[in-house]
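Asks:
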Amino acid sequence: MKRFSFNLEKVLTLRKFAEQEAKIELGRAVGVLSEIERHIVSVAQERFIAASNQFSPENSAAMIQQYMFYLLRLDATRDQLLKDAAQAELKVEQAREVFLEASRDRKVLDKLKEKRAAEYRKEMLDAEGKALDDIASGRLARQLADA
């Protein structure tokens, strides 16, 4: 009896590869977003420290003004990071959609392969049963002929 072979095995392999690539790309997008979020937190902490130190009694008017400019720069950096985070979130969503689609495509072929394998096993069991019946029938016929 011949072994089971799935005609679409190469397509299934390609779909698995596409799913893996989409998963890697999703991971990269999530990593970029996480890095931006960490940077936002870092800027917020820097801003809190700078705002706390701005009006220290030992600061001169020039130093207070420098803190003010520094705070404005931190605010601009934070605003840019928030825009970058919004873009990164869009990329994460797009990558997630691509991954989910690739996963669905692979699962469809996996289920088809499982279905075909089950059909093959059933056919093999049926053929084996028929062969055993034929053997038993032949043996019975010989016994009756000998008797």
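Under this note's numbering, the first residue of the sequence shown carries the number 916, and numbering increases by one thereafter.
Ideal placement from N, C-alpha and C gives every residue a C-beta, glycine not left out.
All of these numbers come straight from a predicted model, not from anything done at the bench.
1. Can you give me the Cβ contacts of residue 993 inside the same chain, cut-off strictly under 8 Å, excluding the 5 residues immediately before and after it?
2. Taking the CB atoms as reference points, tell me whether residue 921 and residue 1022 lie closer together than 7 Å.
3. Look at the alpha carbon of residue 1014 and the alpha carbon of residue 943, and state the distance between them as a whole number of angstroms.
4. Tell me which residues share the same chain as residue 1017 and place their Cβ nearer than 6 Å to its Cβ, disregarding the 5 neighbours each side in the sequence.
5. Are the segment 970 to 980 and the segment 1035 to 1044 touching by the rule of at least three beta carbon pairs closer than 8 Å?
6. Determine the direct distance from the alpha carbon of residue 1030 to that of residue 939, and round the result to whole angstroms.
7. Can you tell me whether residue 1051 is buried or exposed, with buried defined as 16 or more other CB within 10 angstroms of its CB?
8. To the nearest angstrom, report how far apart residue 951 and residue 995 are at their CA atoms.
9. Excluding sequence positions up to five away, which residues of its chain have a Cβ less than 6 Å from the Cβ of residue 1010?
10. Quick check on the DSSP output: the alpha helix (DSSP H) that includes residue 932 runs from which residue to which?
Replies: According to the structure shown:
1. 955, 958, 959 and 962
2. no
3. 12 Å
4. 933, 934 and 937
5. no
6. 29 Å
7. exposed
8. 10 Å
9. 940, 941 and 944
10. 924 to 969
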